[in-house]
Amino acid sequence: MSFKRNLRAATAMSLITATSAFAQDTTITIATVNNGDMIRMQGYTDQFTAETGIGVEWVTLEENVLRQRVTTDITTNGGQFDIMTIGMYETPIWGANGWLVPLDDLSAEYDVDDILPAMAGGLSHEGTLYAAPFYGESSMIMYRTDLMEAAGMEMPDAPTWDFIRDAAAAMTDRDADINGICLRGKAGWGEGGAFITAMSNSFGARWFDEGWNATFDGEAWANTLTFFKGMMDESGPAGYATNGFNENLSLFNQGKCGMWIDATVAASFVTGDDSTVADSVGFALAPDNGLGKRSNWLWAWALGIPAGTAQEAEAKQFIEWATSKEYIELVAENEGWANVPPGARTSLYENPNYQSVPFAQMTLDSILSADPNDSTVEPSPYVGVQFAAIPEFAGIATEVSQEFSAAYAGQQTVEEALEKAQAITNEAMEAAGYR
Amino acid sequence: MATKASRSAARLMMAPAVILLLGWMLVPLIMTLWFSFRTYLPLRGGDQGWTGFDNYVRFVTSSSFWPAVQTTLIIVLSVLIITVVIGVLLAMLLDQPMWGQGVVRILVIAPFFVMPTVSALVWKNMFMDPVNGLFAHLWRFFGAEPVSWLSDAAMPSVIMIVSWQWLPFATLILLTAIQSLDSEQLEAAEMDGAPKLKQFFYIILPHLGRAITIVILIQTIFLLAVFAEIFVTTGGAFGTRTLSYLIFQRVLESQNIGLGSAGGVYAIILANIVAIFLMRIVGKNLDN
């Protein structure tokens with residue numbers, strides 16, 4: 001009797017398992033970054049599966065690790081992922097190599113023309129879109145309105161670097177553990193490397209001249225680094241040479257920074273529940289030097305499909321879902337408009353509900369003021385604002401930013417760091433056959 | 001007594017394991033050698049053919065090469081000195097009869113069971129952070145300015161973290177050696193009026209010679225490839241870029257497989273030179 005009952009139970013279990021496996025006959029694997037908006041997207045995946053019957057498996061990684069994993073996978077044709085989360089740096093290079101599926105046949109309802117032109121441009125190669133932006137960002141100033149008021153100063157919408165340096169000095173109160181300004185000094189092309197490159201644009205510097213020669217021996221780079229180090233030594237936090245996005249976010253949210261210039265997506269974090277200063281945060285455009293270029297960057301975290309995946313149709317279906325207007329509305333409905341993925345679609349900034357979010361307009365203005373095709377004062381041979389879109393850049397910029405970080409920490413002079421940067425860059429460009 | 005047939009059968013049965021092991025070692029080595037002679041840039045169309053010794057010349061003449069070799073040797077030597085000296089002292093201390101000996105020994109050995117990445121993260125965020133770290137709070141408590149460990153004193157910090165991880169290993173081996181020392185020898189020396197310091201230098205230390213040799217040999221092999229601690233704490237900045245880190249940068253960050261492979265071959269040569277040198281100098285202890 002008992003044996004029969006067990007047999008029936010086992011048969012029933014097998015049937016249930018088989019049926020559910022049949023109902024969800026396809027599963028796509030997605031590599032993504034562990035940013036808040038991506039984690040939030042994972043929470044809604046069940047809804048996508050319920051609508052389409054397509055299962056989703058996530059591989060969530062820290063930014064640097066994700067880059068290495070997906071780059072290795074795509075270059076070796078590893079085929080581990082059906083969708084990869086990539087940025088503006090990788091997409092045009094990979095698209096040109098034919099490693100990504102072109103997204104030129106997305107449905108009419110998806111409304112591809114609604115994608116902000118700056119984002120679509122940065123995620124395309126020769127006019128073809130190769131990845132759809134999940135969210136886009138620029139950088140801007142986030143500042144403490146209360147500290148600014150106490151210092152007797154008023155933040156303009158578009159300040160200069162000199163104003164920022166003065167304001168930082170005025171807000172610094174070492175006894176109260178308040179630093180006038182927190183900026184990225186951490187080595188890494190996507191960390192301090194990105195910040196100093198964007199900043200250098202406003203000082204008239206560029207990575208390469210038109211013959212692909214490094215330009216660290218010029219006056220503009222010396223001015224950038226001297227200014228940065230001088231200001232941070234005066235008004236920055238201890239150990240700023242090892243601070244990146246997360247470290248500065250934590251300092252700002254603890255009330256230890258007067259100003260922070262970083263990614264616009266941070267706006268929702270510094271005004272969110274985890275921030276102790278959420279009620280007194282103001283926003284302004286990243287500073288300039290009157291040379292015609294501001295020091296803000298342009299970036300998008302986007303979803304692309306590696307060529308050769310067996311699940312191309314399903315992957316496209318997921319990308320359409322995750323980067324659609326409907327997804328934005330889904331998040332807004334459940335978590336409020338301040339928490340929707342920003343910076344990707346024009347319609348979001350035309351939505352009256354979103355226009356009431358305090359940082360919405362400043363984010364859009366920052367995104368619109370960055371042009372990856374014309375980011376430097378002097379002409380340059382590369383595309384990109386806080387990077388040069390060539391395969392060698394990630395390696396070079398990481399090494400160069402290591403030398404810069406060593407200068408911030410006082411281990412070497414600015415001149416020594418620039419001299420080494422010049423040698424490192426030219427050596428790498430020679431190895432890659434540019435010079 | 002083995003017959004000719006049984007010996008042949010044994011060889012036949014062992015062959016798959018031997019072939020597998022050989023393949024395990026030889027295939028990556030041969031591939032590294034192969035790639036080191038080619039221009040292999042995955043992001044620029046992949047393998048672009050033979051390049052002779054260009055990668056070798058480029059790697060060794062790059063401005064980053066000698067500083068990386070120097071950093072590697074400094075880390076290896078410093079960690080060896082710290083772990084052996086403190087390891088001997090700790091082993092002698094742990095050998096003394098005391099209350100709760102078992103618990104103390106486990107506590108001393110515990111760091112060895114923590115993964116390098118985890119311990120580096122703990123040291124970086126909980127101890128060495130100049131704002132929220134434990135050391136910063138301690139410094140402030142005594143009225144001093146907190147130290148930015150991982151930028152102002154990056155090399156000593158990395159050496160400290162790696163030494164902390166390897167100290168239990170050295171202590172454990174040395175403790176086992178001390179416990180094998182015949183206590184009658186020490187008692188006899190004490191009765192003859194030999195002071196403690198002389199007992200240490202003339203009886204204990206020579207007895208530990210073989211154990212110290214083992215510690216140095218094993219640790220050197222692993223320390224030459226130290227990576228996770230540097231990756232997590234400094235990312236190779238502030239003069240902490242070792243040879244293995246430089247190779248990682250060339251292969252994964254610069255996506256230059258040929259250049260990185262040439263670096264890998266240099267690393268193999270360096271490791272062998274160091275190993276042969278060590279075997280000759282200190283390995284003699286093993287024969288005695």
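Those protein sequences? They're chains A and B, same order as listed.
Okay, so the first sequence: first residue is 1 according to UniProt numbering, each after it adds one.
Okay, so the second sequence: first residue is 1 according to UniProt numbering, each after it adds one.
By construction, the Cβ of each residue, glycine as well, lies at the ideal position given by its N, Cα and C atoms.
Alpha carbon to alpha carbon, how far is residue j from residue i? Give it in angstroms, no decimals.
| i | j | result |
| --- | --- | --- |
| I230/B | A407/A | 19 Å |
| Q355/A | Q361/A | 7 Å |
| F53/B | T39/B | 10 Å |
| D104/A | T85/A | 18 Å |
| G43/A | Q402/A | 37 Å |
| A91/B | E187/B | 19 Å |
| R241/B | G127/A | 41 Å |
| Y89/A | A389/A | 6 Å |
| M38/A | N334/A | 15 Å |
| R67/A | Y135/A | 17 Å |
| R250/B | R69/A | 15 Å |
| I305/A | G121/A | 18 Å |
| T32/B | Q422/A | 30 Å |
| residue 439/A | I212/B | An answer regarding residue 439/A cannot be provided, because it is not within the stretch 1 to 435 covered by chain A. |
| L61/A | N339/A | 21 Å |
Would you say residue i reaches chain B, if we count a Cβ-Cβ gap shorter than 9 Å as a contact?
| i | result |
| --- | --- |
| K316/A | no |
| A23/A | Because A23/A carries a pLDDT of 47, less than 50, the predicted location of this residue cannot be relied on, and the following value inherits that uncertainty. Cβ-Cβ to chain B under 9 Å: no for A23/A. |
| I396/A | yes |
| A417/A | no |
| D274/A | no |
| M41/A | no |
| Q80/A | no |
| D177/A | yes |
| Q402/A | yes |
By the criterion of Cβ-Cβ separation under 7 Å, what are the contact partners of residue i in chain B?
| i | result |
| --- | --- |
| residue 447/A | Nothing in the structure corresponds to residue 447/A, since chain A is present only between 1 and 435. |
| T68/A | Correcting the residue type first, residue 68/A is Gln in the shown sequence and not Thr. Per Cβ cutoff of 7 Å: L252. |
Starting from residue i, find everything on chain A with Cβ-Cβ shorter than 9 Å and list it in chain order.
| i | result |
| --- | --- |
| P42/B | T71, T72, I74, T75, T76 and P391 |
| F254/B | Correcting the residue type first, residue 254/B is Ser in the shown sequence and not Phe. P391, E392, A394, G395, I396, T398, E399, A428, A431 and A432, listed in chain order. |
| P146/B | A238 and G239 |
| L259/B | A431 |
Within 10 angstroms of its Cβ, does residue i collect 16 or more other Cβ (buried), or is it exposed?
| i | result |
| --- | --- |
| T233/B | buried |
| V400/A | buried |
| E137/A | buried |
| V79/B | buried |
| Y202/B | exposed |
| I281/B | exposed |
| N353/A | exposed |
| M191/B | exposed |
| D374/A | exposed |
| M155/A | buried |
| A432/A | buried |
| I159/B | buried |
| G133/B | buried |
| P206/B | exposed |
| E320/A | buried |
Residues of chain B with CB under 8 Å from residue i, in chain order?
| i | result |
| --- | --- |
| G188/A | G235 |
Mind listing the chain A neighbours of residue i? Cutoff is C-beta to C-beta under 8 Å, in chain order.
| i | result |
| --- | --- |
| P116/B | Per Cβ cutoff of 8 Å: no residues; P116/B is ~15 Å from chain A at best. |
| L89/B | Correct list: empty, because the minimum Cβ distance to chain A is about 32 Å. |
| G239/B | A406 and Q411 |
Using a Cβ-Cβ cut-off of 9 Å, state whether residue i counts as contacting chain A.
| i | result |
| --- | --- |
| A154/B | yes |
| Q70/B | no |
| L22/B | no |
| L134/B | no |
| R250/B | yes |
| G52/B | no |
| residue 315/B | There is no way to answer for residue 315/B, as the model of chain B reaches only from 1 to 288. |
| W34/B | no |
| G46/B | yes |
Mind pulling the chain A residues with CB within less than 7 Å of residue i?
| i | result |
| --- | --- |
| P130/B | A238 and G239 |
Name the chain B residues whose beta carbon is nearer than 9 Å to that of residue i?
| i | result |
| --- | --- |
| Q386/A | Neighbours of Q386/A on chain B: none; closest Cβ ~17 Å, over 9 Å. |
So with CB distances below 8 Å, who are the chain C contacts of residue i?
| i | result |
| --- | --- |
| L150/B | Any reference to chain C falls outside this structure, whose protein chains are A and B. |
Would you list, in chain order, the members of the segment 246-264 of chain A that have their beta-carbon closer than 9 Å to a beta-carbon of chain B? Across the segment 246-264 of chain A, CB contacts with chain B closer than 9 Å involve E247, S250, L251, Q254 and K256, in sequence order along the chain.
Between the segment 89-108 of chain A and chain B, which residues of the former have CB atoms less than 7 Å from a CB of the latter, in chain order? I93
Beta carbons nearer than 7 Å to chain B: which residues of the segment 342-369 of chain A have them? Taking 7 Å as the Cβ-Cβ cut-off against chain B, none of the residues of the segment 342-369 of chain A qualify.
Near-chain B residues of the segment 423-435 of chain A (beta-carbon distance less than 9 Å), N- to C-terminal order: A423, I424, E427, A428, E430, A431, A432 and G433
Along the segment 195-225 of chain A, what residues have a CB closer than 8 Å to any CB found in chain B? none
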